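Below you'll find the structure, written out as structure tokens, and then a few comments.
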Amino acid sequence: MSSQEGPVMPRFTVKRFCRFALAAAVTGLAACGAASEQATPSPAISQEAAALRTVVPLTRPVALDKAGTVADVEFDLPPPGPGASSLLKVAIRLQANEGAALRAPSDRLVDEGLAARVNLRNLANGESTQIPLYRIGPAPGTDVPIGADGRVAGVTWSGVDESMLRRVGLIQQGMFYKVLLLAEAHRPAPGHYRLTLELLEDHPRLKGQSVELLLAYASKAK
């Protein structure tokens, strides 16, 4: 070997380096593909199209000023997405062009008490099985079972997995949203369900309030 030739890398080292580089390249491509898939939301769909959705996540416009049944929805529940937990949330969603514009109406909804009856049933195999529902407890990380009559007294601040909503076009770019929880189901099995929401009292202060019933999974704890 002449003095101008550098040290020769052993053959096995070259092979191992090539294999490592190839594996890293493939892993990088796969990661980029997964990231781009999760980061690409669908265009926001119209209110009319949203009202026709029968797969969670879904929304329905509701009026909260008069007592009575304001929602009666049959829907299909898929498994939760990658960023979602197994908690299914039954909630009220408000939206506005500015975040500050949500403060007064959301405070009003919380202050009203919004006495309601929520009933969730699994319709698998031609049967109708009531699903237990829960409320957020007074202490962090605790839950309170809702009675068999489904009665709830008011809404509480909450949130949902936004990635699933973006994927189906239920979040509009530039809009701000506030989610208020009525009830939640713990680990409901994928399948066909029916949800009814009944208001037990009139709430004239909420007349004209633009809100939606929202069925969506919670996000995973970080």
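FYI, the numbering for the sequence shown is -30 to -1, 1 to 192, going by mature numbering (1 follows the signal peptide of the UniProt record, and there is no 0).
Just so it is clear, CB atoms sit at the ideal spot from N, CA and C, and this is done for glycine as well.
Predicted model only: the values in this text are computed from it and were never measured.
Nearest candidate by alpha-carbon position, reference residue i, set the options
i: GLU18; options: SER12, THR29, VAL25; result: THR29
i: GLN179; options: THR24, LEU22, ASP35; result: ASP35
i: HIS156; options: ARG105, GLU182, THR166; result: ARG105
i: THR166; options: ASN92, VAL149, VAL125; result: ASN92
i: PRO108; options: ILE15, THR126, ASP119; result: THR126
i: LEU103; options: THR112, GLY111, ASN89, ALA94; result: ASN89
i: PRO13; options: LEU183, LEU140, GLU82; result: LEU140
i: LEU84; options: PRO49, ARG137, ARG175, ALA188; result: ARG175
i: GLU168; options: ALA71, VAL32, GLY144; result: VAL32
i: SER189; options: GLU171, LEU135, ASN95, THR24; result: LEU135
i: ALA123; options: ALA70, VAL80, ARG63; result: VAL80
i: ALA186; options: GLY111, GLU171, PRO49, PRO110; result: PRO49
i: PRO11; options: HIS162, ARG137, ASP46, ALA159; result: ARG137
i: GLN142; options: TYR163, GLN65, ARG23; result: GLN65
i: GLY144; options: GLY69, ARG164, VAL181, TYR163; result: GLY69
i: ALA159; options: SER76, ALA94, ALA86; result: ALA94
i: ALA86; options: GLU182, ASP172, ARG23, VAL181; result: ASP172
i: PHE45; options: ARG23, ALA54, GLY53, PRO52; result: ARG23
i: ASP119; options: LEU170, ASP77, GLY161; result: LEU170
i: GLY51; options: LEU184, PRO27, TYR163, HIS162; result: PRO27
Span of the alpha helix (DSSP H) around residue i
i: GLU82; result: 73 to 82
i: GLU154; result: Per DSSP, GLU154 belongs to no alpha helix (DSSP H); it is in the beta strand (DSSP E), 146 to 156.
i: ALA19; result: 17 to 22
Endpoints, the beta strand (DSSP E) within which residue i is located
i: LEU185; result: 181 to 189
i: GLY69; result: Run containing GLY69: none; DSSP gives neither H nor E here.
i: GLY53; result: It is not in any beta strand (DSSP E) - GLY53 carries neither H nor E in the DSSP assignment.
i: LEU169; result: 161 to 169
Residue environment, residue i, which counts as buried when at least 16 other CB atoms sit within 10 Å
i: ARG121; result: exposed
i: VAL114; result: exposed
i: ASN67; result: exposed
i: PRO110; result: exposed
i: ARG73; result: exposed
i: SER16; result: exposed
- Item | Contact the region 37 to 47 vs the region 122 to 135: 3+ CB pairs below 8 Å | no
- Decide yes or no for the touch test of the region 47 to 62 against the region 139 to 159: beta carbon pairs closer than 8 Å, at least 3 of them. yes
- Task: Decide if the region 94 to 101 is in contact with the region 143 to 150; the criterion is three or more beta carbon pairs, one per stretch, under 8 Å apart.
- Result: no
- Run through the region 89 to 133 for me and flag every whole beta strand (DSSP E) of 3 or more residues, listed as ranges in chain order. 104 to 106, 113 to 115, 121 to 123, 126 to 128
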